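Have a look at the structure below, then the notes.
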Amino acid sequence: MACGQYKEKEKAMINEEKVILMTKIAMYKESLGRDDLEKGKYFQGDYVKLNCLKTIVSSTVLFVVVAVSYIYYNIGSIVEQLTELDYLSIAGKIIGSYAVVCLGFALFAWILYTYRYMKAKPKLIKYNQNLKKLIEFYENEEKTRGSEKRKRRAK
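If you're matching positions, the sequence shown starts at 24 in the working numbering and goes up one per residue.
Encoded structure:
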């Protein structure tokens, strides 16, 4: 009888551990885990490159909007100086400014997304370890259920 009580207690502890583990997994997945799991779909280099590419595209759009706004705001003086402007120097300044803006944003994005990926990686490792433990719990349950069924059949 004492042995049976011990087995009951052991089963309750295992189930309690499983519930705690499942709760940890669910809480992580619902809070910080969404962003981290999205990052975990990529290798670090791919994640950083993809987001740098998005940043370059966004900075290009931003540069065009700012340039068009500047031209719209100063259209009067630009039209007056249309024949006196040095178009090669203006083109060089525009291209140079665009390069500086894109490189600046790309460098910032590279640093930022590398940091974010590195910050998420330990959390993803812990999440995956918890998932492996949970899988082991289920595998152990299947083994014990299978052996109990075999014992019942043998009787």
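The C-beta atom is built at its ideal place from N, Cα and C for all residues, glycine as well. As the structure is a computational prediction, the values presented were derived from the model and not from experiment.
- Annotated three-state conformation of Phe-131 is helix, per DSSP.
- It is roughly 25 Å from the alpha-carbon of Tyr-65 to the alpha-carbon of Thr-83.
- Annotation for Phe-160: Lys-41 place their beta carbon closer than 6 Å to its own, counting only its chain and skipping 5 residues before and after.
- Put simply, the region 64–80 touches the region 127–146. At least three CB pairs are less than 8 Å apart.
- The C-beta separation of Val-71 from Tyr-136 comes to about 5 Å, placing the pair in contact by the 8 Å criterion.
- Asn-38 and Arg-139 have their C-alpha atoms roughly 35 Å apart.
- Exposed is the label assigned to Asp-109, since fewer than 16 other Cβ atoms lie within 10 Å of its Cβ.
- Its chain contains Asp-59, Lys-62 as the residues whose beta carbon lies nearer than 6 Å to that of Ala-143, once the 5 sequence neighbours on both sides are disregarded; these appear in chain order.
- Each residue's CA atom was taken as its position, placing Ser-92 and Ile-134 some 30 Å apart.
- With fewer than 16 other Cβ atoms inside 10 Å of its own Cβ, Tyr-96 counts as exposed.
- By the CB criterion at 8 Å, Met-45 and Leu-157 fall inside the cutoff.
- The alpha-carbon of Lys-52 is positioned some 18 Å away from that of Met-141.
- Comparing C-alpha distances from Ile-113 to each of Gly-99, Ala-90, Val-124 shows the shortest one belongs to Ala-90.
- In this chain, the alpha helix (DSSP H) harbouring Gln-67 covers 67–96.
- Using a Cβ distance threshold of 8 Å, Tyr-121 and Gly-56 do not count as a contacting pair.
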